[in-house]
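First residue of the sequence shown? That's 227 in the working numbering, and the numbers climb one at a time after it.
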Amino acid sequence: MIDHYFTVDPASKHQPQEFSTTLRGAELCFKTDAGVFSRDRLDLGTKILVESLDLSGVQAPLDLGCGYGPIGLALARELPEIQVYMSDLNRRATELAGENAAINGIHNVVIKQGDGLSPWRELCAAGLRFDLIVTNPPLRAGKETVLQLFREARDHLRPEGKLWAVIRTNQGAKTYLRDLQGIFARAETAAIKSGYRVLLAQNGSD
């Protein structure tokens, strides 16, 4: 059976490797492995998404579907005074994200394994709400799974909170934008580059 990156516990034989890349002006090193998304190199869509983000005033960001950590760790490196939250369904991915935080000397992260927003249920019940959720959604998991992630994101954002997502144009980005416009108060295309669209959705107005 072939593992997908949205598998809870990949059965793939370990094939660890490492690479370095620059995100938002900082060089980061990543350890990856079989059974995780984009293990050979940083996914172009992820890079476009990270470089497109507006982090002005951000205090409680969540990297939803963090994989081995490129988005969340880039945010944590740039915003050392705040806590960055990261989660993924894939246990191997979250373990790698923790290792990569240590490799890069990044300590202001909280990393959890679990489906969707479920890892944050207790913290959210205690009052946590995110002001930024960033995701390169698992399109191969199916559209309903992606839309459920978007709905959960909406429900866990502050009123002024924003969801940023990246999707290939030829994988339905325009359709997903219309879906986001039905889920959130407003949604728009924030960037278009190299066949990808960065979508921005918000519960309320600035």
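All C-beta atoms, glycine included, are put in the ideal place defined by N, C-alpha and C.
Since the model is a prediction, treat every value here as computed from it, not as a measurement.
What is the residue span of the beta strand (DSSP E) that residue i lies within?
i: D269; result: Counting along the chain, D269 falls outside any beta strand (DSSP E), and DSSP gives it neither H nor E.
i: R412; result: R412 to K419
i: A252; result: A252 to T258
i: L288; result: P287 to L290
i: I332; result: Segment: none, I332 is in no beta strand (DSSP E) and carries neither H nor E.
Which of the three DSSP states is assigned to residue i in this structure?
i: K369; result: helix
i: G387; result: strand
i: I359; result: strand
i: S246; result: strand
i: P364; result: coil
i: S238; result: coil
i: D314; result: strand
i: V284; result: coil
i: H230; result: Low confidence applies to H230: its pLDDT is 49, below 50, so where it sits in the model is not reliable enough to give any reading.
i: V276; result: helix
i: Q309; result: coil
Measure the Cβ-Cβ separation of residue i and residue j and say whether it is below 8 angstroms.
i: P446; j: V276; result: No information on residue 446 is available, as it lies outside the stretch 227 to 432 that the chain covers here.
i: I359; j: N334; result: no
i: R211; j: I409; result: Nothing about residue 211 can be read from this structure; the chain reaches only from 227 to 432.
i: R303; j: I332; result: yes
i: T248; j: L322; result: no
i: A413; j: V424; result: no
i: T415; j: A391; result: no
Along the alpha helix (DSSP H) that carries residue i, what are the first and last residues, could you check?
i: I297; result: P296 to E304
i: A427; result: Counting along the chain, A427 falls outside any alpha helix (DSSP H), though it belongs to the beta strand (DSSP E) covering Y422 to Q428.
i: K400; result: A399 to I409
i: A351; result: R347 to A351
Give me the Cβ distance between residue i and residue j, rounded to the nearest whole Å; I'm assuming they're in contact under 8 angstroms.
i: V262; j: G293; result: 6 angstroms
i: K239; j: A260; result: 6 angstroms
i: Y402; j: L270; result: Not confirmed; about 18 angstroms, so no contact.
Between the Cα of residue i and those of the options, spot the shortest distance and give me the residue it belongs to.
i: L305; options: M312, L315, V284 and T320; result: V284
i: P199; options: F256, D269 and L383; result: Residue 199 is absent from the structure shown; the chain starts at 227 and stops at 432.
i: Q407; options: T361, S420 and L373; result: L373
i: E244; options: A427, G251 and L268; result: L268
i: L281; options: A379, H382 and D357; result: D357
i: R366; options: L425, Q397 and W346; result: Q397
i: A327; options: L301, P345, K419 and I393; result: L301
i: G342; options: N316, A352 and G331; result: N316
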